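Encoded as structure tokens, the structure appears first; notes follow it.
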Amino acid sequence: MNQPDNKGYYGIFGGAYIPEILHASVERLKAAFYEAKADPAFKAEYYNLLKHYAGRPSPLYFAKRLSATYGTNIYLKREDLNHTGSHKINNALGQILLAKRMGKTRIIAETGAGQHGVATATVCALMGMECIVFMGKTDVERQFLNVQKMKMLGAKVEPVTSGNMTLKDATNEAIRYWCSNPDSFYIIGSTVGPHPYPDMVAYFQSVISEEIKFQLQEQIDRGYPDYLIACVGGGSNAMGTYYHYLNDERVKIISAEAGGLGIDSGETAATIHVGTIGIIHGFKTLLMQDKDGQIIEPYSISAGLDYPGVGPAHAHFAQAGRTKMYAINDDEALEAAFELTKLEGIIPAIESAHALAVLKKEQPNFKPDDVVVLTVSGRGDKDIDTYIKRITSINSPGF
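402 is the number that the working numbering gives the last residue of the sequence shown; the numbers go up by one with no jumps.
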């Protein structure tokens, strides 16, 4: 279930819907990826960087006070402790090695919350490559710290002013640039885009579930949890979390997408709940669109989940009933973020806070001996301004 077919489809979702000018570039990328994936020397270099540069394995932390609050055993997969502050470095390192293998020197990327942009700028600095990052102007303003990091790392940040100036628009602009410069290497940050990107990003992120397996074995003498929980925008941290468990029916898999102000409010990014089948950014998926096929602009307090589509694998898992999906609204996510901060001394990214909010939704189903693994995909430094506004508002959750 974790692998697409040879045309890049997960069920009816996926594929490669690309302009002719990109066809040769994508075909070369596909051949290079599957060749590299089978090359022990490539994998050795990748895992060496994960360990000695990114700081893996990331801890699997038993959250004692959070567990007591919810009456079960909650383990946090601490992707926030990776170099650059999120899971994004896993994929960026894999793709930069692939770019080097293919002889590329100019890298382009899109970013929403800025975590993928920072990770891409970081690996470009590491490899001495040119880096251009497209970022919606709205996100440039609300993710100031990450923008400054990218610039310090030597990347050129291109603010995008079309649409609602967020992740979807940054991706549009990156693809336009790629069409004009097809010899550039496009590092896509999530399990989206034309085949082979969803499969490739999933593979590079699968180190997350690979580690969860041996870490659970070490800590509880059992290699699988009862529950896996992660947030889903495009879906890379979630795909990495689920990858090695998708065929294990003992494991319940629960995803959190961004409900925004509510799925019926018109201000949401809950694609699985409100989307219909369509094509965006080179792949078929569930998509927020009107009856004429025009994109409905998404909204979320989280820049990283503010996307009108979802990775094709996640669309397939949800429709097939393999994953359960909650739409978490802004207030629920913020409440969960402050709860983790108070109970465990961990300030999560707002994206990760959506996953944390699932705990309250699922609490009635938890048993005292259940094992719940939840991925904290990123740290909350980049979201401090949003958190401060919350603290100082009349709706402050106890601060």
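Note that the Cβ used here is the ideal one computed from N, Cα and C, for glycine as well. Model, not experiment: these values are computed from the prediction.
Counting only the same chain and skipping the five closest in sequence on each side, list residues whose C-beta sits under 8 Å from that of Gln292.
Within its own chain, the residues whose Cβ lies closer than 8 Å to the Cβ of Gln292, once the five positions on either side in sequence are excluded, are Gly278, Thr279, Gly281, Ile298, Ile299, Pro311, listed in chain order.
Just to confirm the assignment, what range does the alpha helix (DSSP H) spanning Tyr50 have?
Counting along the chain, the alpha helix (DSSP H) containing Tyr50 begins and ends at 43-52.
Alpha carbon to alpha carbon, what distance is there between Glu354 and Tyr200?
Cα to Cα, the separation comes out at about 22 Å.
Cα-Cα separation, Gly88 to Ile21
Distance between the alpha carbons of Gly88 and Ile21: 32 Å.
Suppose you measure from the CA of Tyr70 to the CA of Glu342; what does that come to, to the nearest Å?
A small fix is needed here, since residue 70 is Ser in this sequence, not Tyr. Cα to Cα, the separation comes out at about 12 Å.
Among all the DSSP beta bridges, which residues are the ones paired with Lys364?
According to DSSP, Lys364 bridges with nothing at all.
Given a threshold of 16 other Cβ atoms within 10 Å of its Cβ, counted over all protein chains shown, does Asp386 qualify as buried or as exposed?
Buried, since its Cβ has 16 or more Cβ neighbours within 10 Å.
Mind checking Tyr50: buried by the 16 CB within 10 Å criterion, or exposed?
Exposed, because fewer than 16 other Cβ atoms sit within 10 Å of the Cβ of Tyr50.
Let me check understanding here. Comparing Cα to Cα, which of Lys363, Ile223, Arg145 lies closest to Lys392?
Closest in C-alpha terms to Lys392, from the list Lys363, Ile223, Arg145, comes Arg145.
Straight-line gap, Val449 to Ser212 (C-alpha atoms, nearest Å):
Residue 449 cannot be examined here, being either before or after the span of the chain that is shown, 4 to 402.
At a cut of 8 Å, does the segment 329-339 reach the segment 358-367 through at least three beta carbon pairs?
The segment 329-339 is in contact with the segment 358-367.
Is the segment 312-320 close to the segment 15-33, with three or more CB pairs under 8 Å?
Verdict: yes, contact present.
Give me the Cβ distance between Tyr302 and Gly263, rounded to the nearest whole Å; I'm assuming they're in contact under 8 Å.
4 Å between Cβ atoms; contact.
Compute the Euclidean distance between the alpha carbons of Leu231 and Lys80, then round it to the nearest angstrom.
Distance from the CA atom of Leu231 to the CA atom of Lys80, rounded to whole angstroms, is 10 Å.
Element boundaries [alpha helix (DSSP H), containing Asn332]:
Per DSSP, Asn332 belongs to no alpha helix (DSSP H); it is in the beta strand (DSSP E), 326-332.
If Glu260 sits next to Leu308, beta carbons under 8 Å apart, how far is it from one beta carbon to the other, in whole angstroms?
Between the beta-carbon of Glu260 and that of Leu308 there is about 7 Å, and that keeps the pair under the 8 Å contact cut.
N- and C-terminal bounds of the alpha helix (DSSP H) containing Thr288
Annotation for Thr288: no alpha helix (DSSP H) segment contains it, though the beta strand (DSSP E) segment containing it runs 286-290.
Return the CA-CA distance between Ile275 and Lys159, expressed in angstroms with no decimal places.
Their backbone Cα atoms lie some 34 Å apart in a straight line.
What does the Cβ neighbour count give for Met168, buried or exposed, with the cut at 16 atoms within 10 Å?
So Met168 ends up on the buried side.
Start-to-end residues for the alpha helix (DSSP H) that takes in Phe65
Run containing Phe65: none in the alpha helix (DSSP H); it sits in the beta strand (DSSP E), 63-65.
Within 10 angstroms of the Cβ of Asp372, are there 16 or more other Cβ atoms? Answer buried if so, exposed if not.
Burial call: exposed.
In angstroms with no decimal places, state the Cα-to-Cα distance between Phe402 and Gly11.
Caution is warranted here: a pLDDT of 47 is assigned to Phe402, below 50, making its placement in the model unreliable, and the coordinate value is therefore given only provisionally. Approximately 48 Å, taken between the alpha carbons.
How is the alpha helix (DSSP H) around Ile211 delimited, first residue to last?
Looking at the DSSP string, the run of the alpha helix (DSSP H) that includes Ile211 is 210-223.
Go ahead and pull the three-state DSSP assignment for Leu409.
Residue 409 lies beyond the stretch modelled for the chain, which goes from 4 to 402, so this question has no answer here.
Reduced DSSP category for Phe402 - H, G, I as helix; E, B as strand; rest coil
Residue confidence for Phe402 is low, a pLDDT of 47 falling below 50, so the modelled location carries little weight; the figure read from the coordinates is stated next. Residue state for Phe402 is assigned as coil, using DSSP reduced to three classes.
Counted within 10 angstroms of its Cβ, other Cβ atoms place Glu38 as buried (16 or more) or exposed:
Taking all protein chains shown into account, Glu38 has fewer than 16 neighbouring C-beta atoms within 10 Å of its C-beta and is therefore exposed.
Quick one: complete alpha helix (DSSP H) runs, 4+ long, within the segment 53-99?
Along the segment 53-99, the alpha helix (DSSP H) occurs as fully enclosed runs of 4 or more residues at 67-73, listed in sequence order.
Limits of the unbroken alpha helix (DSSP H) element including Ile353
Note, Ile353: alpha helix (DSSP H), 353-359.
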